[in-house]
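**Student:** Starting off with a structure, shown below.
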Amino acid sequence: MQSLRSSAFLLASVVWAVFPSAGQADGQNYYLDLDTGGHRAVIRDVDVSADGAVIVSASDDKTVRVWDWQAGISTAVLRGQIGPGSEGLVNAVALSVDGTHVAVAGYFGANLASDQAFGDVRIFDLRSGAVVNVLKGHQYVAEALAYDPVRDELSVSGQGGQVLRWRAPFSDTPEALATLDTEALRVSELGYAGTRLIAATYDYGLRIWDTGTGEAITPPDAEALWDFPLIALAVSPDGARFALADDQGRVTLRDAATGTVLADLPPRPFRVDAMTLAGDVLTLSCGYRCAGAHGTEVWDVATGQMLGEYTAQETGVHASALLPDGVVLTAGGRRNSLHLWRADTRSAVRVMGGIGAPVASVGLSVAADRIGWGLDDPCPDQAICPAAMGELTQEMTLPTGERSFDKPSVRGTARLGRAVTALPDLTPNLESEPGSGFEGSRLVVGTVPIVKGDQDGYYHSAYSFVPGQERLIDGGGNGILLDYGLDGVVAGEFTGHTGDILALAVAPRAGRVLSGSADQTLKLWNLETHELIVTMFFAGDDWIIWTPQGYFHSSPEGDRLVGWQINQGQDREGRYVRARQLRQHLHSPEIVRRAILTGSASGAAKELRGSDSELDELLTRRPPEFDIRMVDDPPAPDGYAMIEVTGAALEEVESWGYAVLVNDRSVRPVRAGGSDGRLLYQIPVEEGENRITVSGRNEFGYVTERSAIALSKKRPVEEKKGKLFVAVVGVNKYPKLPEGCAGKPCDLAYPVADALEFLNVLRDRSAPLYTGMETLVMVNPEVLEDDAPRQAALSLFMDPLDVLEPDARTVSSELVDFLAKPGPDDTTVIFVAGHGMNLEEQYFLLPTDAQMRGDKWRTSSLVDWSVIQEEIGYAQGRRILVLDTCHAANAFNAKLEKEAADARVIVFSATAANNTAGERTDLGHGIFTYAMLEGLKGAADPKGEGVRLLGLADYVYHEVVRLSQSKQEPFYHISQTSNFLLAKGTK
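If you want it as structure tokens, here you go:
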């Protein structure tokens, strides 16, 4: 499906997009934004610094991105004031000659306002991201910028046809020059060509001025150009010639001094939206009417011959630029990516963009408990195809009353419903309304025509009947999704998407609607109330599901993808706060789960938090603001790296509380001097690459993280390094819960045996790798008393009388104290076996004195896992957590993976979501613990060279699945760590 939205600028009456964003009230000061590392909407303009080192791009997603094309990534995002509808759309950019500043223009006023200017030009400092100046005077929406480095002159134009100019625009004292009048209503492109300034217009042809005198120069064929909108302009680097293209595919090469036609190219069968001109090489990029076949053509204007075509980029390119050495930059396609390629060979040099893609297909089960989606365009050669069902390649099981979240997976065989585009006695006809300018703008349902216009999405890009009901759910451009009766009357609106609706599925019995959009998200809606329940984004291993109130459930790194832009005024840059920075408040799988179950995100937030406005309060505060970088001066001692923390006073850093991670180890930094605003710390590092992450948390619970990479050479060290700390908890007996587990006693058979044998194996196989071993043992003493062999084994390295009862107070306090002991070179292993469970948003361990009052749990008798998790996060050194606690349905800790990943804790858990941990009498242990024990003893080390982390994880996974006959699947999380040795080998 080609982008239809990009053709909207052909209609003189259209003022870009004019639709309020979902759920955003008037006067709201913050807006949710998905940051995938690239643009999520049409790229309108690009510019390149003179040395080719800096690239900037402007997009309908209301951002300007700065790119490092050598690294292939976006290094910064520039944000100005944004608002509902069109406010904040960025149409044009122009870099300063040194590449340190950029001028940005677009729709910079409140949507459809009549009492303010729209065409202010914001000057951003690329080094800080700050707006350092605003050039005012252009009243209407600005659509074109041009900068002449020789004259140090900037021009802006767009709607209204006026051309405003400034000398020294990037300095502290820009000088306004005389305004030029194109006598047109809209200017599409501006360009400097030697001593000429050129303007291409939509409605009054070509305009040229002498930059020295301001005198207008009339091209010989000026009148002939009035009849067709001029779309694209490209000026040669020497300023001697320029190319011009209109909306009918006519392209001419012209003399810059006079505008005289030097050559005509054969008419192109597509609309040329972007061009570059270098010497005799002209590139023409297809922006519309591409038919899935036309990319960017390369022409020799001297001979009039086409040299070839760059086809690696999907069609729909709307901006291009030249880099040094014959490299062309084209921006666009379905994924809104930037392609760098060589004009002479048409070979790709680099492709840059985000990790997301438009969601082209969706499916929904009858009970709305499973979703599916696909990204491939079902009709690349058509403008729209609402009746075409693309392939579903991924799926995810949603929570139910008996089941928690599963992770996204490859599409299986479960039946999923698709859009119902026809009924047995009713097949709609998709047509084009005369004069609309869009294909598919009219849908005739029976005898009722539903015509789309600029207020309801322009065209019918996706629709579905609601079986059993007289309703039609219909999506169009700019995220418009409406609920129609079959009489054509709108019954309601689903507000939330910002890109074209590409796919729909309805589950009427469950009362749900699922939509997929060009904005790269899926959204689940309440069919009856039209309330947005959750928004979902999936890209490889990264995913996040969030409610309109900001609560989310995500993969370990998924919370980096979503945040909120906070406006600070039209003349200032916007702030951006990521969900990750607010995770202490907003990471709540349970609120997301209840929103999906009940169909009301607002109701779920109120039920569990007492309010649905927590986000409003959070975003009025500021997170910690600081940066870090590696420094060589002063030099760091051997075994250390030196980092500099900037942007924060010492008292701020110390009052926040901060943590430093080196790969998977939590370390304690050493102050090494500096002053307020520039603090130096020595960080202990290991051989090889060290990712140093500094996390600062303020009094509001806001977290800011900054990372840097340090490389360290091997240094002489002792063979044994650090101490091994091991704490084990095993609970067999629950005397106060005679009917606490589904009406039955909660007692278990093997947790004590699991804990003690795990400790014994670590003593034999792991402790020899360290300088020493310190233990904490909390198991039921009466069980130990009945197990003479284990008592004897335990007495070899500790007094059995030191074993502690695993009651709530003891487990909580002793673990907290124990976790304060390790240093940065030490390794801590925590093993817990027993019952665990979820209560609302919290996860609890059941100690031996756990009890209920009626049918309610006494939380004071439980161990709050969040306290233990926080202490594990703060503990020094390497941390390993082993949990065999999911012995009942819905006992999986959904927050565990995310919080462990944030703290770089290695986790082995008996189960993944939606299965329970089993025990086998023939093994004498829980299945998971048995597999761990066998693996550490050597089964995970077939060569006898020692058991390493990844080998143990792989062995335990397959062994648990085998021993449980696929009824139990363990979970493990390993992040940013080496494949270190866990247990000695047999050789």
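Quick note, the sequence shown lines up with residues -25 to -1, 1 to 962 if you use mature numbering (1 follows the signal peptide of the UniProt record, and there is no 0).
Backbone N, C-alpha and C fix where the C-beta goes; we use that ideal spot for every residue, glycine too.
Note that the structure is a prediction, hence the values are computed from the model and not measured.
According to the Cβ coordinates, are D824 and D782 closer than 7 Å?
**Tutor:** For D824 and D782, yes; Cβs fall inside 7 Å.
**Student:** I'd like to know if the segment 526 to 541 and the segment 76 to 86 are in contact, where contact means that at least 3 CB-CB pairs between them fall below 8 Å.
**Tutor:** No: fewer than three Cβ pairs fall under 8 Å.
**Student:** Looking only at C-alpha atoms, which of A253, A268, A249 sits nearest to S260?
**Tutor:** Closest by alpha carbon: A249.
**Student:** Could you give the C-beta distance for P799 and Q851, rounded to a whole number, given that I count them as a contact under 8 Å?
**Tutor:** The Cβ separation is near 5 Å, so the contact holds.
**Student:** By the three-class DSSP mapping on this structure, what secondary structure does K942 have?
**Tutor:** The answer is coil: DSSP assigns K942 none of H, G, I, E or B.
**Student:** What whole-angstrom Cβ distance do A914 and Y930 have, given they're in contact under 8 Å?
**Tutor:** At roughly 6 Å, the Cβ-Cβ gap stays under 8 Å, so A914 and Y930 are in contact.
**Student:** Count the other C-beta atoms from every protein chain shown that fall within 10 angstroms of the C-beta of Q288, then say buried if there are 16 or more, exposed otherwise.
**Tutor:** Buried, since its Cβ has 16 or more Cβ neighbours within 10 Å.
**Student:** What are the start and end residues of each continuous alpha helix (DSSP H) run of 4 or more residues lying completely inside the segment 562 to 618, in chain order?
**Tutor:** Taking only runs of at least 4 residues, the alpha helix (DSSP H) segments lying wholly in the segment 562 to 618 are 564 to 573, 576 to 584, 589 to 593.
**Student:** Please state the DSSP three-state secondary structure of V395.
**Tutor:** Correct three-state label for V395: coil.
**Student:** Put R879 into one of helix, strand or coil per three-state DSSP.
**Tutor:** It is coil, neither helix nor strand.
**Student:** What does the Cβ neighbour count give for R784, buried or exposed, with the cut at 16 atoms within 10 Å?
**Tutor:** The residue is exposed, with fewer than 16 neighbouring Cβ atoms inside 10 Å.
**Student:** Relative to the C-alpha of I520, which residue among R484, E565, A480 is closest?
**Tutor:** When only C-alpha atoms are compared, the closest one is E565.
**Student:** Just reading off the beta strand (DSSP E) that D221 is part of, what are its end residues?
**Tutor:** 216 to 221 is the span of the beta strand (DSSP E), which, as asked, contains D221.
**Student:** Mind checking P917: buried by the 16 CB within 10 Å criterion, or exposed?
**Tutor:** Exposed: under 16 other Cβ atoms inside 10 Å.
**Student:** Mind checking who W316 pairs with in its DSSP beta bridge?
**Tutor:** W316 is bridged to V303, A323.
**Student:** Three-state secondary structure (DSSP) at M827?
**Tutor:** Correct three-state label for M827: strand.
**Student:** Sorted by chain position, which residues of the same chain lie with C-beta nearer than 6 Å to E760's C-beta, five sequence neighbours on each side aside?
**Tutor:** So the list is empty, once near-sequence residues are dropped.
**Student:** Leaving out the 5 sequence neighbours to the left and right, which residues in its chain are closer than 6 Å to V692 when beta-carbon positions are compared?
**Tutor:** Residue confidence is low: V692 scores 43 on pLDDT, short of 50, so the model does not pin down where it sits. Its coordinate-derived value is still stated next. If we look at V692 and ignore the five residues flanking it on each side, it has no Cβ neighbours.
**Student:** For E619 and K698, what's the separation of their Cα atoms in angstroms?
**Tutor:** For E619 and K698, the distance between alpha carbons rounds to 30 Å.
**Student:** What would DSSP say about T510, mapped onto helix, strand or coil?
**Tutor:** Strand.
**Student:** Considering only the alpha carbon of each residue, which of D213, V107, E370, E732 lies closest to P764?
**Tutor:** Selected option, being the one with the closest Cα: E732.
**Student:** Candidates A232, P212, Y179: which alpha carbon is nearest D221's?
**Tutor:** The option with the nearest alpha carbon to D221 is Y179.
**Student:** Helix, strand or coil: how does DSSP classify V727 here?
**Tutor:** In this structure, V727 counts as helix in the three-state DSSP scheme.
**Student:** Using the beta-carbon count (16 or more within 10 Å), is G415 buried or exposed?
**Tutor:** Answer is buried; the Cβ neighbour count reaches 16.
**Student:** Tell me the rounded alpha-carbon separation between L447 and Q134.
**Tutor:** Distance between the alpha carbons of L447 and Q134: 37 Å.
**Student:** Terminal residues of the continuous alpha helix (DSSP H) containing G848?
**Tutor:** 840 to 849 is the extent of the alpha helix (DSSP H) around G848.
**Student:** What is the C-beta distance between P242 and R225, in whole angstroms, given that I count them as a contact (C-beta under 8 Å)?
**Tutor:** Right, their Cβ atoms sit about 6 Å apart.
**Student:** Which partner residues of M364 appear in the DSSP bridge assignment?
**Tutor:** M364 is not bridged to any residue.
**Student:** What's the C-alpha gap between L561 and L367?
**Tutor:** Straight-line Cα distance between these residues: approximately 31 Å.
**Student:** Let me know the secondary structure DSSP gives P424 once reduced to three states.
**Tutor:** Here P424 sits in strand by DSSP.
**Student:** Put G460 into one of helix, strand or coil per three-state DSSP.
**Tutor:** Strand, per DSSP.
**Student:** DSSP three-state call for N735: helix, strand or coil?
**Tutor:** Reduced to three states, the DSSP call for N735 is helix.
**Student:** By DSSP, does residue 965 sit in helix, in strand, or in coil?
**Tutor:** Here the chain covers residues -25 to 962 and nothing more, so residue 965 does not appear.
**Student:** Quick one: Cα of Y434 to Cα of V341, how far?
**Tutor:** So the two alpha carbons sit approximately 28 Å from each other.
**Student:** Output needed for F946: all residues of its chain with C-beta closer than 6 Å, excluding positions within five of it in sequence on either side, in chain order.
**Tutor:** The residues are S884, A887.
**Student:** For the structure I just gave you, are there three or more beta carbon pairs, one from the segment 471 to 490 and one from the segment 305 to 321, closer than 8 Å?
**Tutor:** No contact exists between the segment 471 to 490 and the segment 305 to 321.
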